[in-house]
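Taken in order, the sequence shown gives residues 1181 to 1658; the numbers are from this note's numbering.
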Amino acid sequence: MAEELKGFQQAAEDDDKPHEECGVFGIYGPGLDVARLTYYGLYALQHRGQESAGIAVGDGKAVHLQKGMGLVSEVFNHDSLNSFRGQVAAGHVRYSTTGASHPVNAQPLVFRYAGGMLGLAHNGNLTNTAELRSQLYANGSVFQSSTDSEVIVNLIARYSQSNLVEAIMKCMIDIKGSYSLVMLTEKNLIGVRDPFGIRPLCLGRRGDAWVLASESCALDAVHAELVRDVEPGEIIVINENGLTAHQALPARRRAHCIFEYIYVARADSRMDGYNVNQVRRAMGHQLAREYPAEADLVISVPDSGTAAARGFAEESGIPFEEGLMKNRYIGRTFIQPSQGARDLGVRMKLNPIRDVLAGKRVVVVDDSIVRGTTSGKIVSMLRECGVKEVHFCLSSPPIIYSCYYGIDTSNEDELIAAQKPLEEVRKYIGADGLHYLTLEGLFNVFGSGRDRFCAACFSGEYPVDVSKAQLNGKYVLE
Ligand code: AMP
């Protein structure tokens, strides 16, 4: 195999590891500054991805694109937004883990096909990319990037003899896995959600304008009102004739990602009927019932652990205090690709407030332990401050299975809970006590809606088949 092909294969293999914890946003608003509104929407979704950002604008005749590596505020400025006029826009923020941090993977992807121009922003992860890519290669398709999103683009183009909605429907029959898509043409805004509704996507309205976004916090940012969530298996098309909704594929058993509620989403978002903050608080209540600690203080690992920590304090009667100060100018620790950088990242990001903590027995609430790096560092920082006892409580059950639908919870051999029993994890992180929310307890929080979620990272029950090739994290390019 030629060297460059091997290089590409390696990049594609790296990229087949899910890391599409991205944010998508779109607006149809003739007469509005759609590029700037998309910029604000992406700003509100920045927590979903910090590697790259992009906006595509349709002006009735063409689709124009600006994208680059970095934060939304680094990629765009006043002048670039001013030069960007149109009636419809779609934007994307991309999350990165190891490898495959290439500008070419930044989105939206914009391409010309038989039907005109199309831009696509994807949040999610396909589980049959390898097979589809091989078939497309065999049929002469070419790829510029190693993303599964480009597979979607190629399939839509292949079905372009049909009208666009039919082409998307045919593509949806072929692709498996999770996808929330915001697409645009010169004149249309299109939203698509996979038949299980794994990744979130909601619809909002601002006067005559329509908005699509991964989370409702982005609707708030542009003064749009939440209308509803896009239904699993639904295609929504918005243009000068208004909004049309097509139930493209029958909705399957709902499988909304439960980890969105635990960690990914912003606490002020409302997703699939639940407010994230309220859910996290209820997780804290449940956690306190499951782990009746004797302690002086409850502190959180900000920000994702804060709502659950407050819930723990409410239920247990132990006072909540701000015990760890977060440097808000540092992105999520995971953004650091190497373990060494990640270790340093925790220190840079969180600093204990010694005067609050010294001599106290403390319950620390965080959302999850993945590799165990963060919690181990936090426990040792607390001990250095003279904390007497550290009880580490997690608002998620142990993560023991990899996610193939777009959450970067890493490979099973790196997941500490998959490798060590509870007591060993406790020793490893150096805590006096350790408790993970039980799966039963987590589901209780959602009451009667408990069967609407994907909790595969905790239970191993995957709602959508994952191809063998993808399970091994490899595929062969022959
Ligand atoms: P670790 O050090 O690997 O145990 O990471 C745990 C920390 O990472 C927790 O504080 C979480 O808030 C955060 N975290 C959990 N899941 C993810 C994820 N998928 N992406 C980025 N950060 C995460």
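The C-beta atom is built at its ideal place from N, Cα and C for all residues, glycine as well.
Small disclaimer: the values here were computed from a predicted structure and weren't measured.
Practice item. May I ask you to report which of helix, strand or coil DSSP gives D1631? Key: Helix.
Practice item. Just the C-alpha distance for H1615 and V1284, rounded to the nearest angstrom, thanks. Key: Cα-Cα distance, rounded: 42 angstroms.
Check your understanding: If we ignore side chains and look at the alpha-carbon of each, how far apart do M1528 and I1235 end up?
Key -> If I take the Cα positions, the gap works out to 31 angstroms.
**Study point:** For V1237 and F1492, the rounded distance between their alpha carbons
**Key:** Roughly 45 angstroms separates the two Cα atoms.
Check your understanding: Between M1505, A1224, E1470, which lies nearest to T1618 when the distance is taken from Cα to Cα?
Key -> E1470
Review point. Between which two residues does the alpha helix (DSSP H) carrying H1615 extend?
Key: Unbroken run through H1615 is the beta strand (DSSP E), 1613-1616; no alpha helix (DSSP H).
Exercise for review: Identify the continuous alpha helix (DSSP H) that holds L1316 and give its terminal residues.
Suggested key: 1309-1318
**Study point:** Among S1263, L1212, T1309, nearest to D1645 - alpha-carbon criterion
**Key:** The option with the nearest alpha carbon to D1645 is T1309.
**Study point:** Supposed close pair F1205, G1271 - CB separation, criterion 8 angstroms
**Key:** 5 angstroms
Review point. So with Cβ pairs under 7 angstroms, would you call L1364 a contact of chain D?
Key: Absent from the structure is chain D; it holds one protein chain and no more.
Practice item. Provide the residue span of the beta strand (DSSP E) that contains T1327, from first to last. Key: Per DSSP, T1327 lies in no beta strand (DSSP E) segment and is marked neither H nor E.
Review point. Which whole-angstrom value describes the C-beta separation of I1415 and V1372, a residue pair presumed to lie in contact below a C-beta threshold of 8 angstroms?
Key: 5 angstroms
Review point. Buried or exposed: where does I1438 fall if 16 or more other Cβ atoms within 10 Å of its Cβ makes it buried?
Key: buried
**Study point:** Span separating the alpha-carbon of A1269 from that of D1546
**Key:** 37 angstroms
Review point. In terms of residues, what are the limits of the beta strand (DSSP E) holding E1440?
Key: Here E1440 belongs to no beta strand (DSSP E), and DSSP marks it neither H nor E.
Exercise for review: Would you tell me roughly how many angstroms separate the C-alpha atoms of L1477 and G1640, rounded to the nearest one?
Suggested key: 35 angstroms
**Study point:** Nearest-angstrom Cβ-Cβ length linking I1549 and E1502, presumed shorter than 8 angstroms
**Key:** At roughly 22 angstroms, the Cβ-Cβ gap does not stay under 8 angstroms, so I1549 and E1502 are not in contact.
Review point. Is the stretch 1223-1235 close to the stretch 1393-1401, with three or more CB pairs under 8 angstroms?
Key: Because the criterion of three Cβ pairs below 8 angstroms is met, the stretch 1223-1235 and the stretch 1393-1401 touch.
Practice item. Measuring alpha carbon to alpha carbon, tell me which of S1358, S1560, V1459, H1571 ends up nearest V1625. Key: Considering only alpha carbons, the answer is V1459.
**Study point:** Whole-Å CB distance - A1488 paired with S1575, under 8 angstroms assumed
**Key:** 4 angstroms
Point to revise | Touch test, the stretch 1380-1388 against the stretch 1319-1334, Cβ-Cβ under 8 angstroms, three pairs minimum | key: no
Practice item. Verify the contact flag: T1486, CB atom, against every heavy atom of the ligand AMP, threshold strictly below 6 angstroms. Key: no
Practice item. Please report the residue range of the beta strand (DSSP E) in which H1258 lies. Key: Where H1258 is concerned, there is no enclosing beta strand (DSSP E), although the alpha helix (DSSP H) it sits in stretches over 1258-1262.
Practice item. Check the DSSP bridge columns for A1301 and list the partner residues they point to. Key: Under DSSP, the beta-bridge partners assigned to A1301 are V1362.
Check your understanding: Using 8 angstroms as the Cβ pair cut-off and three pairs as the minimum, do the stretch 1632-1639 and the stretch 1577-1584 touch?
Key -> Taking 8 angstroms as the limit for Cβ pairs, the verdict is that the stretch 1577-1584 does touch the stretch 1632-1639.
Review point. What distance in whole Å lies between the Cβ atoms of L1423 and G1413, which are believed to be in contact at a cut-off of 8 angstroms?
Key: G1413 to L1423, Cβ: 17 angstroms. No contact.
Practice item. Write down the C-beta distance between R1338 and Y1359 rounded to the nearest angstrom, noting that I regard them as a contact closer than 8 angstroms. Key: Between R1338 and Y1359 a beta carbon distance of about 17 angstroms is seen, past the 8 angstroms cut, so the two are scored as non-contacting.
Point to revise | Option nearest D1452 by Cα separation, candidates H1436, H1302, S1647, E1592 | key: H1436
Check your understanding: Would the stretch 1201-1218 and the stretch 1235-1254 be scored as touching if the rule is three or more Cβ pairs under 8 angstroms?
Key -> yes
**Study point:** Of the residues Q1466, D1354, R1551, I1348, the one placed nearest L1312, counting alpha carbons only
**Key:** With distances taken between Cα atoms, L1312 lies closest to D1354.
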